[in-house]
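Heads up: the structure comes next, in structure tokens.
Chains as they are written, first to last, in the numbering used here: chain R, 6 to 124; chain C, 3 to 113.
Structure follows, in structure tokens:
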């Protein structure tokens, strides 16, 4: 029940196109859903995150869509650029509303999507 | 500033060596983490420190020994590692239950 399933495993998109990566979870206690971008040899960088009280969040060219009833969320990268070529990981955790349970932000990651944006 | 600094960037060690990985953050975060990442795999949580106390140990072998000397520093002491322990070791930090920020990692090779 701790798994986060991510698809596709790899994705090739033309420059200027839309990249879409999907994730699904089972644990209904999850209430925080971030996306991380990772370049080779680097650590994951937080891209954008959403809490389940909203269905969509947009930051620049990056949008998270969240479907609580389906337990799915997705990352949309608009106007994809070659510089976006990287591995993208979705993740999920249980943070709780306001109280701190002492376990920090224990992230469960999806399996990753290798995105290549071609010219 | 959302910077988590890890040293060294690369480390090669023999199976009988003792070495340490270091992590530092100055964001005032009170939770710090060690993750292990194998090639083409997602990061896997190893340890969580909360307010300088070990709160989660994900059944990690005792040849990995974490230490949190103060709220800004996190160490991972390595001893008698195996070649299969070769991986990218990532440190992260968060302000209690908020977004987690990762360092650039230490690429460890055990020979």
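Glycine included, C-beta positions come from ideal geometry on N, C-alpha and C. On a predicted model such as this, the values are computed, not experimentally measured, just so you know.
*Could you check where the beta strand (DSSP E) with residue 71 of chain C kicks off and where it finishes?*
Per DSSP, residue 71 of chain C belongs to the beta strand (DSSP E) from 66-72.
*Using alpha carbons as the reference points, say which of C:42, C:44, C:84 and C:56 lies closest to residue 73 of chain C.*
C:56
_Backbone secondary structure at residue 85 of chain C - three-state DSSP_ = helix
*Determine which residues share a DSSP beta bridge with residue 111 of chain C and list them.*
C:14
*Would you verify that the beta carbon of residue 107 of chain C is, or is not, closer than 9 Å to some beta carbon of chain R?*
yes
*asked:* Using beta carbons (cut-off 9 Å, strictly below), is residue 45 of chain C in contact with chain R?
replied: yes
*Taking DSSP as the reference, what is the three-state secondary structure of residue 63 of chain C?*
coil
_Integer-rounded CB distance, given that residue 33 of chain C should sit under 8 Å from residue 86 of chain C_ = The pair is not a contact, with the Cβ atoms about 28 Å apart (cut-off 8 Å).
_Judging by CA-CA distance, which residue of R:110, R:124 and R:115 is the nearest neighbour of residue 43 of chain C?_
Of the listed residues, the one whose Cα sits closest to residue 43 of chain C is R:115.
*Simplified DSSP state of residue 49 of chain R, which is helix, strand or coil*: In the three-state reduction of the DSSP assignment, residue 49 of chain R falls in the coil class, being assigned neither a helical nor a strand state.
*Which term fits residue 65 of chain R, buried or exposed, when burial requires 16 or more other beta carbons within 10 angstroms of its beta carbon?*
The Cβ neighbour count for residue 65 of chain R, taken over all protein chains shown within 10 Å, is under 16; the residue is labelled exposed.
*Are any of the Cβ atoms in chain R nearer than 9 Å to that of residue 27 of chain C?*
no
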